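When we follow my numbering, the leftmost residue of the sequence shown carries the number 1, and every step to the right adds one. What follows is a single structure, written as structure tokens, with notes after it.
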Amino acid sequence: EAIYLLATTRSFRTATERQLIHRDSGRDYGLPPYARLVGEVLYDHLHTTIEMTITVEPERNSARKRIRQDGLPRRAIDVVGTLRVVLFSPEDLELVLGSPSVRRRYLDISLSQIDQAYLRSLSRYVRLLEQRNSLLKQIAAKPSRDRRAIEEQLAYWDEQLVIHGSYVLVARLRYVHRLAGALNGHFRSLAVSDLPLSLEYQSTVPLPDPLRERVVLDSLPDAQARINQRFQSALHGIRDDELRRGMTLIGPHRDDLVYTLAGEELAAFGSRGMQRLAVVATKLAEIDAFCGATGELPVLLLDDVLSELDQEHQDRLLQSLSGVPAQRFVTATDRRLLEHPALAELPMSELRDGQVCLLVEP
């Protein structure tokens, strides 16, 4: 969790940063509770230090996060992507069974680590969406207002939403295309099955198959221009519905990912074992996507994921990862799970009373 937090500036366990802080920390120094993380990141071309401090503000009972890189204050948006990670955890099953927001968040975190422009456009899109929705709610509360004045008010927000939303949509379509290209091979290797697994991005902006193909093949400016035009047209087409309901009804904030196995939706018809293997295959495809985008391997985090697999699939996963020359952190509550031959070259440590104690050197 600490490594993931340094990489993405977010926890994968909680959305409440207050929960990351031990309530007694700071007491010996007469300070409010706090947490401090420091990570030294080394790539062939980079040697940098990321420091994160999360402090409780007693008057508001909330947490404040401060980030420094090489001693200089930085915004979270500027630090994401410095350290890139791929996380395997038991909660990953929500990628198949959870709500669309879970899958959108997965795409956002993955893409933000390899594309700074995506993170900036996404951040801007979210702010624009809030402002546009606020305006639509005001209009819905007074439906008798002049239509021409309404269109003039919405014109700016439509234009900006489409500009940034189009980049988000193009980046997601291309990334999912890359994931899908590697997904089935990894799934077949894990499941020893000929059943084809596929992954499709479902857009609320209508996108016919020929357009999707052009978006993947075209230059980025051309692809964005195509989506921009389609997004703008779709917004105008649902104007009356949006004015009546007081919200933005289409766009990346309402899109989804769908897994299908042999043509059937995996969430509805797949066994729990197949669903879990599909998620593991997605993470293996994510490693490929990161390497393709950056030329560098991410750090792999396996958080108690082995306990969710039977022996055969533990073996297959660890064998797959043993062929990836990336740094790996593997955790388990049962030490026996870590005594696998594929993990023999890794040092083994134990967490005791908040302290990491080295047990076995490689």
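Think of the CB as a built atom: it goes at the ideal place given N, C-alpha and C, for glycine as much as any other residue. As the structure is a prediction and not an experimental result, all values here were calculated from the model.
Between which two residues does the alpha helix (DSSP H) holding residue i run?
| i | result |
| --- | --- |
| ALA182 | 147-191 |
| PRO73 | Note, PRO73: premise wrong, no alpha helix (DSSP H); beta strand (DSSP E) at 72-74. |
| ALA141 | 116-141 |
| THR294 | 272-294 |
| VAL96 | 94-97 |
| VAL215 | 209-217 |
| HIS236 | 220-237 |
| ALA2 | 2-8 |
How would you call residue i, buried or exposed, if buried means at least 16 neighbouring beta carbons within 10 angstroms?
| i | result |
| --- | --- |
| HIS47 | exposed |
| TYR43 | exposed |
| THR333 | exposed |
| ALA7 | buried |
| VAL56 | buried |
| ARG132 | buried |
| PHE187 | buried |
| THR220 | With the sequence shown as reference, residue 220 is identified as Leu, and Thr is not the correct amino acid for it. It counts as exposed. |
Alpha carbon to alpha carbon, how far is residue j from residue i? Give it in angstroms, no decimals.
| i | j | result |
| --- | --- | --- |
| ALA285 | LEU199 | 11 angstroms |
| ARG84 | SER203 | 27 angstroms |
| GLN113 | THR82 | 8 angstroms |
| ASN228 | GLY354 | 51 angstroms |
| ASP209 | LEU249 | 22 angstroms |
| ALA294 | GLY30 | Residue 294 is actually Thr in this sequence, not Ala. THR294 and GLY30: Cα-Cα distance of roughly 45 angstroms. |
| ASP288 | HIS45 | 20 angstroms |
| ALA140 | ILE67 | 41 angstroms |
| GLN327 | ARG272 | 29 angstroms |
| ARG23 | HIS313 | 39 angstroms |
| ALA225 | GLU213 | 14 angstroms |
| VAL192 | VAL79 | 40 angstroms |
| GLY323 | ARG13 | 28 angstroms |
| PHE290 | LYS283 | 10 angstroms |
| GLN19 | ASP222 | 45 angstroms |
| VAL102 | ARG254 | 11 angstroms |
| LEU150 | ASP240 | As written in the sequence, residue 150 is Ile, which differs from the Leu given in the question. Cα to Cα, the separation comes out at about 11 angstroms. |
| GLN116 | GLU296 | 16 angstroms |
| ARG120 | LEU309 | 37 angstroms |
| GLN138 | VAL299 | 47 angstroms |
| GLU265 | VAL258 | 7 angstroms |
| GLY181 | GLN311 | 27 angstroms |
| ARG148 | ARG244 | 16 angstroms |
| SER233 | MET274 | 39 angstroms |
| MET52 | PHE329 | 20 angstroms |
| GLY246 | ARG124 | 20 angstroms |
| GLU130 | ASN184 | 37 angstroms |
| ARG335 | ARG10 | 28 angstroms |
| ARG74 | TYR118 | 18 angstroms |
| GLN69 | PHE269 | 47 angstroms |
| VAL41 | LEU5 | 13 angstroms |
| SER89 | ASP218 | 35 angstroms |
Are residue i and residue j close, meaning C-beta to C-beta below 7 angstroms?
| i | j | result |
| --- | --- | --- |
| GLY251 | GLY165 | yes |
| ALA35 | ILE50 | no |
| LEU358 | GLU242 | no |
| LEU197 | ALA278 | yes |
| ALA262 | LEU179 | no |
| LEU128 | LEU161 | yes |
| GLU17 | ALA63 | yes |
| ARG104 | LEU190 | no |
| LYS65 | ILE54 | yes |
| ASP146 | LEU235 | no |
| ILE155 | LEU111 | The sequence shown places Ala at residue 155, not Ile. No; because the gap between Cβ atoms is not below 7 angstroms, this pair is not in contact. |
| VAL216 | ARG174 | yes |
| ASP304 | THR331 | yes |
| VAL96 | ALA281 | no |
| LEU87 | LEU301 | yes |
| VAL168 | TYR201 | no |
| PRO32 | GLY39 | no |
| LEU306 | LEU346 | no |
| ASP108 | LEU122 | yes |
| VAL360 | MET348 | yes |
| VAL321 | HIS340 | The residue asked about is misnamed: residue 321 is Leu in this sequence, not Val. Contact: no. |
| PRO143 | ASP256 | no |
| ALA15 | LEU37 | no |
For residue i, which beta-bridge partners are listed by DSSP?
| i | result |
| --- | --- |
| GLN69 | ILE50, LEU72 |
| GLN355 | ARG352 |
| GLY263 | DSSP, once it has assigned bridges, lists no residue as partnering GLY263. |
| GLY39 | ILE50 |
| ALA63 | VAL56 |
| THR331 | ASP303 |
| VAL324 | For VAL324, which the question treats as bridged, DSSP gives no partner whatsoever. |
| LEU257 | TYR201 |
| VAL360 | MET348 |
| TYR34 | THR55 |
Starting from residue i, follow the beta strand (DSSP E) in both directions and report where the run begins and ends.
| i | result |
| --- | --- |
| ASP303 | 299-303 |
| SER198 | 197-202 |
| PHE88 | 85-88 |
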